[in-house]
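J.: Below are the structure tokens for one structure; questions will follow.
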Amino acid sequence: MNEQDERSLLEIADDELVLGWRDSEWTGIAPFLEEDVAFSSIAQNEVGHARALYELVARRRGGTADELAFDRSLSEYRCARLVELRLPEWERTIARHYLYEEADAKRLERLKASDDPEIAGLAAKIDREEAYHRMHAQMWNERLRGQARYDAALDELRPLLAANRDDHSSEFAELWDEMTTVRRSVPGATW
Amino acid sequence: MVTEAQVWDALAEIPDPEIPVISIVDLGVIRDVALENGNVRIEFTPTFLGCPALEVMRDAMAEKVRELGAEPDVQVVLDDSWSTDKITPQGREKLRASGFAPPAPRSTTSVVQLNGAIFRCPYCGSIDTTLENIFGPTPCRSLRYCNGCRQPFEQFKTI
Chain A
1 MNEQDERSLL
11 EIADDELVLG
21 WRDSEWTGIA
31 PFLEEDVAFS
41 SIAQNEVGHA
51 RALYELVARR
61 RGGTADELAF
71 DRSLSEYRCA
81 RLVELRLPEW
91 ERTIARHYLY
101 EEADAKRLER
111 LKASDDPEIA
121 GLAAKIDREE
131 AYHRMHAQMW
141 NERLRGQARY
151 DAALDELRPL
161 LAANRDDHSS
171 EFAELWDEMT
181 TVRRSVPGAT
191 W
Chain B
192 MVTEAQVWDA
202 LAEIPDPEIP
212 VISIVDLGVI
222 RDVALENGNV
232 RIEFTPTFLG
242 CPALEVMRDA
252 MAEKVRELGA
262 EPDVQVVLDD
272 SWSTDKITPQ
282 GREKLRASGF
292 APPAPRSTTS
302 VVQLNGAIFR
312 CPYCGSIDTT
322 LENIFGPTPC
332 RSLRYCNGCR
342 QPFEQFKTI
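So the protein sequences, as listed, match chains A and B. Count the first sequence with the numbering used here and you get residues 1 to 191, in order. Count the second sequence with the numbering used here and you get residues 192 to 350, in order.
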């Protein structure tokens with residue numbers, strides 16, 4: 001695996017882990033039961049994708065998925081600003097979901113065309129599941145588009161897709177602290 | 192000396208941890224069984240990557256192989272070789288009989304069909320059913336409602 005591939009896989013894995021964590025914050029408190037179930041399921045899928053991607057990187061360069069997920073310093077994470085934010089507002093959550101799934105679909109298409117069969121195969125497997133996330137995001141986008149709060153959330157969050165991945169928010173620092181607490185206090189703990 | 196057929200038979204006794212009416216062989220997740228110097232190498236593919244049943248299945252397979260007196264080597268293959276089309280016809284029938292609508296076949300033109308495909312109620316057989324929620328109690332299921340017998344039911348997602 002070349003450095004470029006490894007970097008891309010870690011970017012996606014970090015995005016999926018952090019977004020999965022954020023999506024799971026709706027478990028139990030989504031506006032209605034169907035969305036409680038949907039966001040819990042999406043979160044579970046995203047963390048599953050992160051694990052598979054970390055495992056692939058770990059197998060090639062040594063180490064374990066857990067070490068990549070939880071033992072890196074804050075500055076080593078490559079997640080996008082978009083996924084870092086804690087968004088307790090529904091319209092911002094849906095705007096992020098829609099923007100993320102659109103962008104994620106494009107990079108998965110690129111990975112599916114990789115010359116590396118393991119990368120292409122895993123990307124294709126992930127994409128089968130993401131198809132349902134996209135469908136869910138598109139359904140909500142159609143429902144909310146044109147409403148002032150939703151449109152404002154899209155405008156607010158869209159620029160974050162292009163933000164520098166080495167520059168993290170204070171909200172991510174808090175999340176990193178939360179995510180890595182167990183590993184730091186109980187070395188060797190697994191998820 | 193253990194044979195491949197014995198291993199397949201033993202694996203067919205392992206129920207899916209989340210939908211125990213169907214075995215992991217019927218689910219189509221066992222990609223290959225091979226004997227190598229007294230070791231039994233099993234290649235299996237997860238259904239959904241975040242499925243918590245993965246570890247349970249892997250441990251159950253290793254246990255079955257040990258019961259046959261051989262050493263297991265269970266390999267998790269994270270490629271794209273599994274789809275819901277791998278569920279056997281017997282597996283589909285077992286799902287239906289226990290109230291899970293089996294997955295619609297994968298379309299050759301689009302990855303996922305939720306509106307174009309026909310979804311049949313596993314209880315009364317009506318095709319007058321509507322989608323209630325893309326997501327359900329586990330990642331592999333959606334929730335639908337049958338307008339014929341007025342029952343909600345779980346639909347195995349096509350992936």
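Built from N, CA and C at the ideal position, the CB exists for glycine as well.
Quick one, which residues of the segment 130 to 143 of chain A are near chain B if we go by CB-CB under 7 Å, in chain order?
T.: A131, Y132, M135 and H136
J.: Output, in chain order, the set of chain A residues within a Cβ distance shorter than 7 Å of D264/B.
T.: The premise fails here: D264/B is roughly 16 Å from chain A at the closest Cβ pair, so nothing lies under 7 Å.
J.: Would you call the segment 130 to 147 of chain A and the segment 281 to 296 of chain B in contact, with 3 or more CB pairs under 8 Å?
T.: Below 8 Å, too few C-beta pairs join the segment 130 to 147 of chain A and the segment 281 to 296 of chain B to call them touching: fewer than three.
J.: Mind listing the chain B neighbours of G121/A? Cutoff is C-beta to C-beta under 9 Å, in chain order.
T.: Under the 9 Å cutoff, chain B gives V268, L269, D270, D271 and S272.
J.: With R297/B as the anchor, note down where its alpha helix (DSSP H) starts and where it stops.
T.: Note, R297/B: premise wrong, no alpha helix (DSSP H); not H, not E.
J.: When you compare only the Cα positions, how much space is there between I205/B and F347/B?
T.: Rounded to whole angstroms, I205/B to F347/B spans 20 Å at the Cα level.
J.: With a threshold of 16 other CB atoms inside 10 Å of the CB of I29/A, please say whether the residue is buried or exposed.
T.: exposed
J.: Tell me which residue opens and which closes the beta strand (DSSP E) that Q197/B is part of.
T.: No beta strand (DSSP E) holds Q197/B; the alpha helix (DSSP H) holding it covers E195 to L202.
J.: Would you mind listing the beta strand (DSSP E) stretches within the segment 211 to 265 of chain B that are 3+ residues and don't spill past its ends, in chain order?
T.: 221 to 227 and 230 to 235
J.: Near T64/A, which residues of its chain fall below 7 Å by C-beta distance, leaving aside the five closest residues on each side in sequence?
T.: A58
J.: Determine, for P330/B, whether the minimum Cβ-Cβ distance to residues of chain A falls below 8 Å.
T.: Chain A has a Cβ within less than 8 Å of the Cβ of P330/B.
J.: For K106/A, which option in A131/A, D116/A and L87/A has the closest C-alpha, if you only look at C-alpha atoms?
T.: A131/A
J.: Quick one: Cα of E3/A to Cα of V47/A, how far?
T.: If I take the Cα positions, the gap works out to 23 Å.
J.: In chain order, what residues of the same chain lie with their CB nearer than 7 Å to the CB of L85/A, ignoring the 5 residues before and after it?
T.: Only S169 and E171 meet the Cβ criterion.
J.: Please list, in chain order, the chain B residues whose beta carbon lies closer than 8 Å to that of I126/A.
T.: Result: L240.
J.: So, is the C-beta of S8/A closer than 8 Å to a C-beta in chain B?
T.: For S8/A, the closest Cβ of chain B is not nearer than 8 Å.
J.: Quick test of the definition: if touching needs 3 or more C-beta pairs under 8 Å, does the segment 193 to 205 of chain B touch the segment 155 to 170 of chain A?
T.: no
J.: Between E34/A, D177/A, F32/A and L108/A, which lies nearest to H49/A when the distance is taken from Cα to Cα?
T.: L108/A
J.: Taking buried to mean at least 16 other C-beta atoms within 10 Å of its own C-beta, is L74/A buried or exposed?
T.: exposed
J.: In the DSSP assignment, the alpha helix (DSSP H) including P280/B goes from what residue to what residue?
T.: Under the DSSP assignment, P280/B falls in the alpha helix (DSSP H) whose first and last residues are P280 to A288.
J.: Go ahead and pull the three-state DSSP assignment for L358/B.
T.: Because residue 358/B is not part of the residues shown, which for chain B are 192 to 350, the question remains open.
J.: According to the Cβ coordinates, are E11/A and R78/A closer than 8 Å?
T.: yes
J.: Is there contact between the segment 85 to 96 of chain A and the segment 143 to 151 of chain A, where contact requires at least three CB pairs shorter than 8 Å?
T.: yes
J.: Starting from E164/A, find everything on chain B with Cβ-Cβ shorter than 7 Å and list it in chain order.
T.: Strictly speaking, residue 164/A in this sequence is Asn, with Glu absent from that position. The contacting residues do not exist; N164/A stays about 29 Å from chain B at best.
J.: Give the range of the beta strand (DSSP E) segment to which L322/B is assigned.
T.: T320 to N324
J.: Run through DSSP, which three-state label would Q138/A get?
T.: helix
J.: Name the chain A residues whose beta carbon is nearer than 9 Å to that of K285/B?
T.: The contacting residues do not exist; K285/B stays about 23 Å from chain A at best.
J.: State buried or exposed for I309/B, treating a residue as buried only when at least 16 other CB atoms are found within 10 Å of its CB.
T.: exposed
J.: Grouping DSSP H, G and I as helix and E and B as strand, with all else coil, what is Y77/A?
T.: coil
J.: Would you call L111/A buried or exposed, if buried means 16 or more other Cβ atoms sit within 10 Å of its Cβ?
T.: So L111/A ends up on the buried side.
J.: At least one CB of chain B closer than 8 Å to the CB of V47/A: is that the case?
T.: yes
J.: Kindly indicate which three-state DSSP category R165/A falls into: helix, strand or coil?
T.: In the three-state reduction of the DSSP assignment, R165/A falls in the coil class.
J.: Within the continuous alpha helix (DSSP H) that includes Y98/A, where are the two ends?
T.: W90 to K112
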